[in-house]
Every structure is written in structure tokens, then in C-alpha cells.
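Undergrad: Once you've had a glance at the structure underneath, I'll fire off some questions.
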Amino acid sequence: MRVGVIGAGPSGLAVAWEIFSRARARELDVQVDVYERAPRAGGNVWTEVADGYRVEQGPEGFLDSEPRTIEIATQLGLADRLVSASDAARNRFLYVKGHLHPVPTGPLGFLRSGILSVPGRLRVFAEPLQPPGTEDDETVLAFATRRMGGEAAQRLVGAMVAGIHAGDPAALSMPAAFPELAAMERRYGSLTRALMATRREARRTGRRAGGPAGPAGRLTSFAGGLRELIEAFVRELGPRVHLSAEAREARWTGDGWRVAVGGTEEVFDRLIVTTPPWHAAALLEDADPNLATPLQDIPWAPVTAVALGFAASDLRGVNLDGFGFLVPAGQGVRLLGCLWSSSIFPGRAPAGRVLLRALVGGARDPEAAGYDDETLLDLVRYDLAVAMGIEAEPSLVRVYRHPRAIPQYTLGHLQRLSTVRDRLERLPGLLLHGNGYRGVALNDSLRLAGEIAEAAIAQ
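See below:
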């Protein structure tokens with residue numbers, strides 16, 4: 005059996021490696037090949053090494069709460085390369101009302117926090133008294149407002165949505181974007197009761213209930229950055245990864261999938277498309293226009309990351325003891341947030357240097373993500389001066405543009421996925437994988453890769 009995987013981002017590499025590993029362990033006659041149009045693998049997940057800095061172009065890391073990611077790293081020989089976020093990264097901030105406020109970690113800290121007004125805080129504490137929702141699908145903003153009040157929804161949840169999805173809480177679907185939280189309300193009737201139950205279970209089992217990344221786990225990476233994961237996948241797969249090889253058209257002919265790649269045509273028994281839904285739609289339009297339509301309907305938000313390196317001596321008096329800060333909408337600055345990368349992981353900046361990564365754009369300010377480098381740098385430096393008091397000249401500047409950075413699971417996303425599943429049942433041997441469907445995080449791509457690989461082998 006021959007399996008073709010389109011796309012060598014984390015999703016494509018992971019599913020190809022899962023197929024390769026499982027076929028080898030079971031002594032199955034399976035050949036897998038990965039095709040990537042870019043000259044390197046990894047997609048948005050890559051670490052640039054420049055002037056002694058290690059700069060992530062995409063995500064900063066992954067949460068250690070997903071066992072499969074740690075298992076994959078171990079099986080790839082990277083166990084001794086794993087690094088956890090520093091204790092300082094426990095400190096997270098929100099920029100609200102002209103100041104950086106620590107994100108409280110408990111009820112007492114929340115009572116004292118200036119993030120919300122006194123009425124806003126009291127409304128949050130009334131969350132257990134609110135009845136569960138009745139809608140099958142509702143926006144994140146509607147859910148959060150119903151449970152915690154409008155102020156907390158805009159500031160706390162709005163900032164969280166900016167950090168995870170670069171999205172608009174008034175547009176994202178709660179059960180699609182945050183299925184665990186939606187399920188908590190259904191099970192416990194209250195997020196507060198759900199959190200208390202989760203903590204009791206954590207104490208009973210002895211597992212960690214939280215960490216520097218928040219209640220879901222501790223942010224983790226590799227000593228050399230996330231590129232180590234990509235490079236390990238590529239090493240394992242070897243000649244099975246074909247770079248600068250663009251797949252332009254795929255069609256089912258009754259005896260296999262024929263894919264135009266470069267100047268040749270490849271034939272596969274199974275085809276796994278891991279490129280973004282908009283690309284998958286174009287690739288598969290001739291095979292099934294009714295599949296292409298719901299794929300095209302999944303919107304994406306642009307994000308541009310601006311990395312700045314400074315001499316630590318130029319930032320004396322600036323608080324960098326933390327993970328960074330997020331910005332809810334309507335606070336007078338245009339940044340989505342800023343990660344204090346050299347405070348999160350060791351080795352991200354040379355001795356005596358500091359590395360920051362500012363994020364611009366998202367669904368709420370897509371225009372800013374497309375600014376030219378000079379305008380973008382002016383925007384970032386102005387906002388960092390306002391939010392953090394940084395006036396120093398950076399010694400390193402890197403701009404990473406992601407015009408389609410993060411898929412937006414807007415209202416109706418689950419219905420679109422249902423339509424996609426119905427169409428896939430009519431197309432033998434075709435599977436879709438990637439962050440456009442059931443989770444935007446790196447952990448989601450790696451966890452679901454095994455499920456997709458098993459389906460490909462079993463079909």
C-alpha cells in the first residue's frame with residue numbers, strides 16, 4: 005500500500021512518522037511519502053538562530069499536559085532535549101486601563117486585582133449561580149458573558165482568545181474553539197464547580213493541576229527550540245520527505261488517487277491532505293466541489309510576529325519577570341500581546357541580552373499584520389513604550405509574517421466539519437488532518453496524527 009501525505013508541517017510530518025513507525029512495528033508493506041511545496045519542512049513551526057538568539061517564528065512551545073507529545077519526543081530521541089518554562093513564567097500579565105496587571109492565580113488575588121471593577125469581580129463570583137446554557141452553538145463572548153458577565157468576558161476571556169486563537173470572541177464558536185470548557189458547563193453546570201472538581205481529582209491522583217502555562221499544563225519546548233522536533237521527524241523519515249514539491253491537483257480514478265506533483269503524477273492508495281483547508285479545497289476541487297465548499301468557508305486570521313533583541317543593560321527598571329502580557333480589545337494599543345521569550349526558556353538570548361516577541365494582527369486588527377516592516381516596527385516600539393516603558397533601540401529585529409496564521413472556528417464550524425465528514429465518506433482513501441479542524445495547538449496536531457495514521461492503515 006502506498007500513502008501520500010500532502011504538507012510537511014507538524015501535522016504532515018507527525019502523521020507520516022506515525023504511519024511509518026506503526027507499519028514497521030507490524031511488518032506491514034506500507035510506503036509513505038510526504039510532499040511539501042516549500043524548501044524546508046515545518047511550516048510556521050520553526051526556530052531561527054540569529055546573532056546568538058533562538059527565535060520562534062510561530063508558537064513558543066507546547067503544553068506538557070498532552071502525554072502523546074512527550075511520548076513522540078521521547079521516541080524521536082529528544083527526551084533529554086526537553087525544557088520546561090521557568091518559574092518566572094508563572095507570572096502573566098494583562099494590559100488593562102493603561103497598566104500591566106498580574107493575572108491572579110487564586111480567589112484572594114482576584115479580589116485584589118485591578119483587572120476588573122468591583123462590580124465586575126462580584127459578577128464573576130456569582131458564576132456558580134448562573135443556569136447552564138441551552139444553545140447547541142454560541143459564541144465565546146456570549147458564553148463568557150452569560151457565565152461571568154460582560155466585563156470579564158471582554159477583558160479576561162477576550163485576552164485569552166487573542167493569545168490562543170488571535171480571534172474575535174464575538175465570532176468564535178464556544179463548542180468548537182473551547183470544547184473542554186463547554187463540556188464542563190454541561191457536566192457540572194458551572195465552571196467554578198468544574199474547576200473545584202478538577203483540583204480535587206488532581207489532589208487525589210497526585211498529578212499536577214497547573215503550572216506556568218496555566219491550569220492546562222506547563223509550557224515546554226526543546227533546548228534548541230521547536231525546530232528540533234521538525235528536524236527529528238525529517239531525520240526519521242529521510243528520503244520519504246520531498247521538499248520543493250508542490251501538489252497541484254488530486255483526483256480519484258477508481259483505482260487510486262492521482263496527484264500532480266511537480267512535473268510528474270504520483271498514484272496513491274491512501275491520500276492524507278494536511279495543508280490548510282483553503283489549500284485542501286483547491287487541491288480537491290475537481291475531486292469533489294461539494295467538499296471544497298465547506299473547506300473554503302473556514303476563515304483564517306493573519307498574525308505577524310516581530311522579534312526584538314535588546315541589551316539587558318538598556319532595559320534596567322523594566323519588569324521582565326514573567327511570561328509576557330496579552331491585550332484585550334479596546335485598551336489603546338494594537339498589539340495582541342508580547343512574549344518575554346528569554347524569560348520563558350533558557351538559551352533564547354545571548355548572555356546579557358533579552359528577547360521579546362510582539363504579536364500583531366489577528367481577527368480584530370488584520371490590517372496591522374500586513375503593514376510594511378518599517379510601519380510595523382514603529383507600531384510595535386510605540387506600543388511597547390506605552391505598555392512597558394521600553395524606549396531602547398533594539399539590536400536585533402526579525403519580522404515573521406503569517407498571512408493565514410490561525411484557523412478561526414467561527415459559529416457553524418462543527419456543522420461544516422459534519423459536512424466534510426459526509427463528503428469524505430464518498431471518497432475512498434482520502435483523509436484530512438491539520439489545525440483547521442479539531443484543535444489549533446501543536447499538541448492537537450500530534451495527538452490526532454495517530455488516529456489519522458491508524459485510519460489510513462486500516463482502510
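5 is the number of the first residue of the sequence shown in our numbering; add one for each residue after it.
Even for Gly, the Cβ is constructed at its ideal location relative to N, Cα and C.
Given the structure is predicted, the values throughout are model-derived calculations rather than measurements.
Where in the region 62–114 do unbroken runs of the beta strand (DSSP E), each at least 3 residues long, occur, reported from the N-terminal end onward?
TA: As far as the region 62–114 is concerned, its whole beta strand (DSSP E) runs of at least 3 residues are 86–88, 96–100, 103–106.
Undergrad: Which runs of the alpha helix (DSSP H) at least 4 residues long sit entirely within the region 336–409? Give them in chain order.
TA: List check, alpha helix (DSSP H) in window: 345–348, 370–373, 377–392.
Undergrad: Ends of the alpha helix (DSSP H) at D426?
TA: Here the question's residue 426 lines up with position 422 in the sequence shown. Residues 417–428.
Undergrad: Over what stretch of residues does the alpha helix (DSSP H) that includes E270 continue unbroken?
TA: Reading the sequence shown from its first residue, position 266 is the one you call residue 270. First-last for E270: 268–272, but that is the beta strand (DSSP E), not the alpha helix (DSSP H).
Undergrad: Using only the alpha-carbon positions, how far apart do I23 and D448 sit?
TA: For the purposes of this step, residue 23 is taken as the residue at position 19 of the sequence shown. For the purposes of this step, residue 448 is taken as the residue at position 444 of the sequence shown. I23 and D448: Cα-Cα distance of roughly 17 Å.
Undergrad: Along the beta strand (DSSP E) that carries F147, what are the first and last residues, could you check?
TA: Start at 1 with the first residue of the sequence shown, and residue 147 comes out as number 143. Note, F147: premise wrong, no beta strand (DSSP E); alpha helix (DSSP H) at 144–152.
Undergrad: Taking the beta carbon of G366 as the centre, do at least 16 other beta carbons fall within 10 Å, making it buried, or is it exposed?
TA: For the purposes of this step, residue 366 is taken as the residue at position 362 of the sequence shown. G366 is buried by the Cβ-count criterion.
Undergrad: In chain order, what residues of the same chain lie with their CB nearer than 7 Å to the CB of I394, ignoring the 5 residues before and after it?
TA: Position 390 of the sequence shown, counted from the first residue, corresponds to residue 394. Result list for I394: L319, V322, L388, in chain order.
Undergrad: So L446 and F66 are in contact, right, with Cβ under 8 Å, and what is the actual spacing, rounded?
TA: Within the sequence shown, residue 446 is the residue found at index 442, counting from 1. Within the sequence shown, residue 66 is the residue found at index 62, counting from 1. Contact flag correct, Cβ pair sits at about 5 Å.
Undergrad: Between A174 and T143, how many whole angstroms is the CB-CB distance? I'm expecting something under 8 Å.
TA: As a working note, residue 174 is residue 170 in the sequence shown. As a working note, residue 143 is residue 139 in the sequence shown. The pair is a contact, with the Cβ atoms about 6 Å apart (cut-off 8 Å).
Undergrad: Which partner residues of V1 appear in the DSSP bridge assignment?
TA: Any property of residue 1 remains undetermined from this structure, which presents the chain solely from 5 to 463.
Undergrad: Kindly confirm or deny that the region 366–380 and the region 428–448 touch, where touching means at least three C-beta pairs closer than 8 Å.
TA: The region 366–380, when compared against the region 428–448, does not touch it at the 8 Å Cβ threshold.
Undergrad: First and last residue of the beta strand (DSSP E) that includes G8?
TA: One-based indexing of the sequence shown puts residue 8 at position 4. From DSSP, the beta strand (DSSP E) with G8 extends over 6–10.
Undergrad: Counting C-beta neighbours from all protein chains within 10 Å, is the total for R94 16 or more, i.e. buried, or is it exposed?
TA: Position 90 of the sequence shown, counted from the start, is the residue given in the question as residue 94. Classification of R94: buried, given that the 10 Å Cβ count is 16 or more.
Undergrad: Roughly how many whole angstroms lie between the Cα atoms of G137 and P183?
TA: Within the sequence shown, numbered from 1, the residue matching residue 137 stands at position 133. Within the sequence shown, numbered from 1, the residue matching residue 183 stands at position 179. Each residue's Cα considered, the two are about 14 Å apart.
Undergrad: Going straight from the alpha carbon of E31 to that of A291, what length do you get?
TA: Counted from its first residue, the sequence shown places residue 31 at position 27. Counted from its first residue, the sequence shown places residue 291 at position 287. The straight-line gap from Cα to Cα measures roughly 32 Å.
Undergrad: Do D363 and G341 have their C-beta atoms closer together than 8 Å?
TA: In the sequence shown, counting from the first residue as 1, residue 363 sits at position 359. In the sequence shown, counting from the first residue as 1, residue 341 sits at position 337. Reading off the sequence shown, one finds Leu at residue 363, where the question assumed Asp. A contact, by the Cβ cut-off of 8 Å.
Undergrad: Give me the Cα-Cα distance between S90 and T423, rounded to the nearest whole angstrom.
TA: Here residue 90 corresponds to residue number 86 of the sequence shown, with the count starting at 1. Here residue 423 corresponds to residue number 419 of the sequence shown, with the count starting at 1. Roughly 43 Å between the two C-alpha positions.
Undergrad: DSSP state of V165, grouped into three classes?
TA: Residue 165 sits at position 161 when you count from the first residue of the sequence shown. Here V165 sits in helix by DSSP.
Undergrad: Could you round the C-beta distance between R402 and A311 to whole angstroms and report it? I think they count as a contact, below 8 Å.
TA: Translated into the one-based positions of the sequence shown, residue 402 becomes position 398. Translated into the one-based positions of the sequence shown, residue 311 becomes position 307. Their Cβ separation, rounded to whole angstroms, is 4 Å, which keeps R402 and A311 in contact under 8 Å.
Undergrad: Since R58 sits in a beta bridge, which residues does DSSP pair it with?
TA: What you label residue 58 is simply residue 54 of the sequence shown in a count that begins at 1. V53, per the DSSP bridge assignment.
Undergrad: If the criterion is Cβ atoms closer than 8 Å, does the pair H169 and I410 meet it?
TA: Counting from one through the sequence shown, the residue named residue 169 turns up at place 165. Counting from one through the sequence shown, the residue named residue 410 turns up at place 406. Against a cut-off of 8 Å, the Cβ pair of I410 and H169 comes out as a contact.
Undergrad: So, is Y404 buried or exposed, given that buried needs 16 or more other C-beta atoms within 10 angstroms?
TA: Position 400 of the sequence shown, counting from 1, holds the residue named residue 404. Counting Cβ neighbours within 10 Å, Y404 comes out buried, since at least 16 surround it.
Undergrad: When the Cα of G326 is compared with those of A83, R274, L199, L104, which residue comes out closest?
TA: If you number the sequence shown from 1, residue 326 lands on position 322. The residue with the shortest Cα to Cα distance from G326 is L104.
Undergrad: How many Å lie between F97 and E289 at the Cα?
TA: Numbered from its first residue, the sequence shown carries residue 97 at position 93. Numbered from its first residue, the sequence shown carries residue 289 at position 285. Taking the straight line from one Cα to the other gives about 45 Å.
Undergrad: When you compare only the Cα positions, how much space is there between T279 and G16?
TA: Taking the first residue of the sequence shown as position 1, residue 279 is located at position 275. Taking the first residue of the sequence shown as position 1, residue 16 is located at position 12. In a straight line, the C-alpha of T279 is about 8 Å away from that of G16.
Undergrad: Please work out which residues of its chain come closer than 8 Å, Cβ to Cβ, to I234, disregarding the five sequence neighbours upstream and downstream, and give them in chain order.
TA: Position 230 of the sequence shown, counting from 1, holds the residue named residue 234. Counting only Cβ-Cβ distances below 8 Å, and skipping sequence neighbours, we find P14, L17, A45, G46, V49, W50.
Undergrad: Cα separation between G334 and A163?
TA: Within the sequence shown, numbered from 1, the residue matching residue 334 stands at position 330. Within the sequence shown, numbered from 1, the residue matching residue 163 stands at position 159. Their Cα atoms are separated by approximately 11 Å.
Undergrad: So what does F329 bridge to, in DSSP terms?
TA: Start at 1 with the first residue of the sequence shown, and residue 329 comes out as number 325. BP columns for F329 point to F97, C342.
Undergrad: Between the Cα of G62 and those of G153, I302, G229, spot the shortest distance and give me the residue it belongs to.
TA: Here the question's residue 62 lines up with position 58 in the sequence shown. Selected option, being the one with the closest Cα: G229.
Undergrad: Looking only at its own chain, which residues have a Cβ that is under 6 Å from the Cβ of E40, when we skip the five neighbours before and after it?
TA: On the sequence shown, position 36 is the one that residue 40 refers to. Cβ neighbours of E40 beyond the five flanking positions: A12, L247.
Undergrad: Looking only at its chain, what residues have a beta carbon closer than 8 Å to the beta carbon of L381, apart from the 5 residues adjacent to it on each side?
TA: Stepping through the sequence shown from its first residue, residue 381 is reached at position 377. The residues are V310, V401, V403.
Undergrad: I need the straight-line Cα distance from L435 to V7, nearest angstrom please.
TA: Translated into the one-based positions of the sequence shown, residue 435 becomes position 431. Translated into the one-based positions of the sequence shown, residue 7 becomes position 3. Taking the straight line from one Cα to the other gives about 11 Å.
Undergrad: Are the Cβ atoms of P281 and L299 separated by less than 8 Å?
TA: Here residue 281 refers to the residue found at position 277 of the sequence shown. Here residue 299 refers to the residue found at position 295 of the sequence shown. Yes, Cβ-Cβ distance for P281 and L299 is below 8 Å.
Undergrad: Assuming R159 and V107 are in contact, meaning their beta carbons sit under 8 Å apart, how far apart are those beta carbons, in whole angstroms?
TA: Sequence index remark: in the sequence shown, residue 159 carries index 155 (1-based). Sequence index remark: in the sequence shown, residue 107 carries index 103 (1-based). Not quite, the Cβ-Cβ distance comes to about 11 Å (not below 8 Å), so this is no contact.
Undergrad: State buried or exposed for V53, treating a residue as buried only when at least 16 other CB atoms are found within 10 Å of its CB.
TA: Taking the first residue of the sequence shown as position 1, residue 53 is located at position 49. V53 should be labelled exposed.
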